[in-house]
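>
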Amino acid sequence: MRMMKRMAVVLGLVFAFAMMAAPGALAVPNSSVVVEDTAGVLNRAQLDHGLSSIGFYTSAKVAIYTRQGAAADDLTEETLSFARQKHPEWLSADGQKWASGLFIFTLDPGGRQVGTFFGDDVKISADQQKHIQASTKKLLRDAQWTDGTIQGVKSAASFIARPWYRAPRLYWGAGIVVVLAAVGLGVAAGVRNRNRRNFAFAMANGDKSYTSVSLDVAATELNASAIPEASSYGLKILAQWRSFKSQFRNATESKSRLELLTAKQRSKAVNVRMAREYERAIFELDGLDAAIADANALLNLSANWRQAWQQQSEMLGRELDGVSKMLAESRTAGSSATAVALSTQASEFRLKLVQWGDGLADLSLSPDQALDRLKLGRETMAALLDNHVEAVVRLNTKSLKDAELMRGKIEVSRRNAAVARRRSGSIIDVSYPNLPYFSILAL
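All the letters of the sequence shown, read from the start, carry residue numbers -27 to -1, 1 to 416 under mature numbering (1 follows the signal peptide of the UniProt record, and there is no 0).
1. Please report whether the beta-carbon of Glu384 lies at a distance below 9 Å from any beta-carbon of chain D.
2. Could you say if the segment 366 to 386 and the segment 330 to 340 meet the contact criterion of at least three C-beta pairs nearer than 8 Å?
3. Excluding the five sequence neighbours on either side, which residues of its own chain have a C-beta within less than 6 Å of the C-beta of Ala281, listed in chain order?
4. I want to know whether the segment 274 to 292 touches the segment 205 to 224 - three or more CB-CB distances under 8 Å.
5. Among Ser275, Ser320 and Ser98, which residue has its Cα nearest to the Cα of Leu289?
6. Can you give me the C-alpha to C-alpha distance between Ala376 and Val126, rounded to a whole angstrom?
7. Does the beta-carbon of Gln342 have 16 or more other beta-carbons within 10 angstroms, so that it is buried, or is it exposed?
8. Around the C-beta of Gly350, are 16 or more other C-beta atoms found within 10 angstroms, so that it is buried, or is it exposed?
9. What residue range does the beta strand (DSSP E) around Lys34 cover?
10. Would you call Asn407 buried or exposed, if buried means 16 or more other Cβ atoms sit within 10 Å of its Cβ?
11. What span of residues does the beta strand (DSSP E) with Gly88 cover, start to end?
12. Among all the DSSP beta bridges, which residues are the ones paired with Ser5?
13. In chain order, which alpha helix (DSSP H) runs of at least 4 residues are fully inside the segment 235 to 289?
14. Within 10 Å of its beta-carbon, does Thr305 have 16 or more other beta-carbons around it, so buried, or fewer, so exposed?
15. Mapping DSSP to helix, strand and coil, what is Leu(-2)?
16. With which residues is Phe217 paired in a DSSP beta bridge?
17. Please state the DSSP three-state secondary structure of Asp335.
18. When you compare the CB positions of Ile133 and Tyr30, do they come within less than 9 Å of one another, or not?
19. Quick check: the Cα distance between Ala36 and Thr79, rounded to an integer number of angstroms?
20. Quick one: what's got a C-beta closer than 7 Å to Ser128's C-beta in the same chain, skipping five residues either side?
21. Expressed to the nearest angstrom, what Euclidean distance is found between the alpha-carbon atoms of Ser227 and Phe172?
22. Would you mind sorting Pro136 into buried or exposed? The rule is 16 or more other CB atoms within 10 Å of its CB.
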């Protein structure tokens, strides 16, 4: 306690000195802003309003560039290429560096990437650049592209050419130390407890699937050995099976390492992430295990093929059954055109599910043909649902910002559902992991 008081006094003196030394420099407005929204995701009026209140410590040129790319793209090279083609003034005279006084914020919604680039005279540290990008993540994760861009520029403005006495740690250091002295232990204990609970939850869930997979290893190997390679689905399932053992071995090693961690180690965030990764990996293996069993039964039309077909077809059937309920809800009713298209197609596919099962029974359809039609049903309904989602967004939002937010939430929900689908033992999802996912919209 005595040491804490001494620290507070010393930091208080430093804080007072910094306040007296600071000449009260005010941020100056940026001299120019160039916006190249080639991705078409920014609300320009909202962007201009947001940027108008942002000031820099020095006169700066701001360039905002959006593009629709892929996660594998090199954002630095793509930004450089665009500058050479469209804005050579963004480059130095020799074309090897960014122009003096320039800050570029690059956003790639399709590739889920953000980049920040600086002229030599306004360059900041790598950690500060990471801070800028991190400050935008939550907004961009929710597809709030305009707000995320504004936040990125605002964060950059707080670092570029910032005088040493403007560093937040000097202004607030003394106060923070005093507050942390009062609540730090309690907060830290709360974080540790939460992390231990999350660690235990992930391990318990993962261990359930691990037990299931380990008990069925011999049966899974037997099932895999009987899957016909003449089937296109069989080939894809077998390709996954070839990596099954190595993935299971990795999961076993992860489980063993995690179980040896002490209570203190289990309270660390990095180990919670490792536990969740173990949980995710073994969940997917459990789904592959089930898909292999169903593939053997269905592709060979063995004695229990009907049960396998029911398990594969009922995944689509449950979603089809939920269409009418979704359309009955005012928020998800959409437009009459998209609602009719969905309802009509859902009714048709309910009948076709029965017909495809009958076709398997009388051998007028092969297992591959039945699965192809099931896959086509998924693709057709997913496309119709995409149109319906746009109608729902249009009817339930009053601004581009609200629309971006709603689309972002729907996309997150779909990605989570797609991951869950791959864990469910779906032959189609194991064979085509990037297949569009049809899932009833709930708001």
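A virtual CB, placed ideally from N, CA and C, is assigned to each residue, including glycine.
Note that the structure is predicted; figures quoted are calculated from it, not measured.
Let me spell this out:
1. You won't find chain D in this structure, because it holds only one protein chain.
2. no
3. Asp267, Ala270 and Leu271
4. no
5. Ser320
6. 22 Å
7. exposed
8. buried
9. Lys34 to Thr39
10. exposed
11. Gln86 to Phe91
12. Lys34
13. 236 to 239 and 242 to 272
14. buried
15. Low per-residue confidence applies at Leu(-2): pLDDT is 42, beneath 50, and the placement is therefore not dependable enough to give any value.
16. The partner list for Phe217 (beta bridge, DSSP) is empty, contrary to what the question assumes.
17. coil
18. yes
19. 8 Å
20. His104, Ile105 and Ser108
21. 13 Å
22. exposed
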